[in-house]
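Have a look at the structure below, then the notes.
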Amino acid sequence: MEVKVCCRRIFVVDDHPIILSGVGAMIDSQDDLTIVGLAGNAEDALEGIGKTLPDVAVVDISLPGVNGVTLIERLGERFPEVSCIALTAHEDPGCLRQVLAAGGRGFVVKRSTATDLLQAIRCVLAGDNYVDPALAARILSPRGATQGDPGNLSERERSVIQLVALGYSNKEISSKLNLSIKTIETYRTRATEKLALHSRAAIVRFAHSNGWLVELPA
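Each residue of the sequence shown is one higher than the one before, counting from 740 in the working numbering.
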């Protein structure tokens, strides 16, 4: 059997055996990723992750007993070096906000493709956050200011920071706002300096606390 070297270590938690084995096999088939453990509930996950200390834990939100959001929070407390990605069938902005508040770094809905999940894993491994595009498009508010919006940010700076919090790259933000990448970088730098935000995780926490991740009206 071929032995993988220099692979990033992934742990998967899901209470459905078919999904658990399928997701595990799909991830393990990648040259740069390897599965170090599988679990069907939070208790087994905490034990297994404590023994294997993976780089990323992919966690189903709807677990029996202790749910996935609580598990992500506990993992963050016990093993802060392990990044968590939520995997769920629920396309609920409220669920996304709970995951972000618990310290989750990624959010993927189960109807997404295997490519989407792999992209989320690699995005988180690179130090970024990831929000499934199917949900991100629904929760990005198009309005300029909100009640929680700091007064020292311009509308453009606020829009850029909000998109960064949703996991968009500078290139994607450039396309969405129809501005050059250099201009986006300038707005991002100004906003993060004004707000003293020194990491993407800090940007996500700030955006969440200010109510910038809200569902668009139907």
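The C-beta atom is built at its ideal place from N, Cα and C for all residues, glycine as well.
Closer than 7 Å to chain C by CB, residue i
{"i": "I774", "result": "Protein chain content of the structure displayed is limited to a single chain, and chain C is not contained in it."}
Length of the line joining the Cα atoms of residue i and residue j
{"i": "A941", "j": "R927", "result": "13 Å"}
{"i": "H937", "j": "A778", "result": "34 Å"}
{"i": "L835", "j": "L857", "result": "19 Å"}
{"i": "A825", "j": "R748", "result": "16 Å"}
{"i": "R850", "j": "P872", "result": "12 Å"}
{"i": "K1015", "j": "K790", "result": "Within the shown structure, residues of the chain are numbered from 740 to 957, placing residue 1015 beyond reach of any answer."}
{"i": "R895", "j": "K933", "result": "14 Å"}
{"i": "C745", "j": "G776", "result": "17 Å"}
{"i": "E786", "j": "I758", "result": "20 Å"}
{"i": "R897", "j": "P819", "result": "29 Å"}
Integer Cβ distance of residue i from residue j, believed to fall under 8 Å
{"i": "G815", "j": "G842", "result": "4 Å"}
{"i": "A930", "j": "L902", "result": "About 11 Å separates the two Cβ atoms, so there is no contact after all."}
{"i": "E830", "j": "L874", "result": "5 Å"}
{"i": "V795", "j": "L864", "result": "6 Å"}
{"i": "D799", "j": "D753", "result": "4 Å"}
{"i": "I788", "j": "V821", "result": "6 Å"}
{"i": "M765", "j": "A853", "result": "5 Å"}
{"i": "A904", "j": "A946", "result": "4 Å"}
Element boundaries [beta strand (DSSP E), containing residue i]
{"i": "I749", "result": "747-752"}
{"i": "L772", "result": "772-778"}
N- and C-terminal bounds of the alpha helix (DSSP H) containing residue i
{"i": "G761", "result": "756-767"}
{"i": "I920", "result": "920-934"}
{"i": "L792", "result": "Neither: L792 is in no alpha helix (DSSP H) and is coded neither H nor E."}
{"i": "L802", "result": "Careful: L802 lies outside any alpha helix (DSSP H) and carries neither H nor E."}
{"i": "N909", "result": "909-916"}
{"i": "H947", "result": "939-948"}
Same chain only: Cβ atoms within 7 Å of residue i, ignoring 5 sequence neighbours per side
{"i": "S913", "result": "S919, I920, I923"}
{"i": "D867", "result": "G906, R939"}
{"i": "V943", "result": "L839, N868, A904"}
{"i": "P803", "result": "D754, N780"}
{"i": "D771", "result": "C746, R747"}
{"i": "Q769", "result": "L857"}
Check: residue i C-beta below 6 Å from any heavy atom of the ligand SAH
{"i": "G779", "result": "Annotation note on the ligand SAH: not contained in the displayed structure, which lists no ligands."}
Sequence-distant residues of its chain with Cβ nearer than 8 Å to residue i (five each side left out)
{"i": "Y869", "result": "I824, R844, G845, F846, V847, Q858, A859, C862, V863, G906"}
{"i": "V899", "result": "I912, L916, I923, Y926, R927, A930"}
{"i": "Q837", "result": "V808"}
{"i": "R817", "result": "L785, G789"}
{"i": "S801", "result": "D754, G807, T827, A828, H829"}
Same chain only: Cβ atoms within 6 Å of residue i, ignoring 5 sequence neighbours per side
{"i": "I774", "result": "I749, G763, I766, D767"}
{"i": "V805", "result": "A781"}
{"i": "V797", "result": "V751, I824, L826"}
{"i": "W951", "result": "Q901"}
{"i": "P756", "result": "none"}
{"i": "L960", "result": "Residue 960 lies beyond the residue range present for the chain, which begins at 740 and ends at 957; the question has no answer from this structure."}
### Task
Note down, one range per segment and in chain order, each alpha helix (DSSP H) of at least 4 residues found wholly within the region 810-898.
Unbroken alpha helix (DSSP H) stretches of 4 residues or longer found wholly inside the region 810-898: 832-841, 853-864, 872-878, given in chain order.
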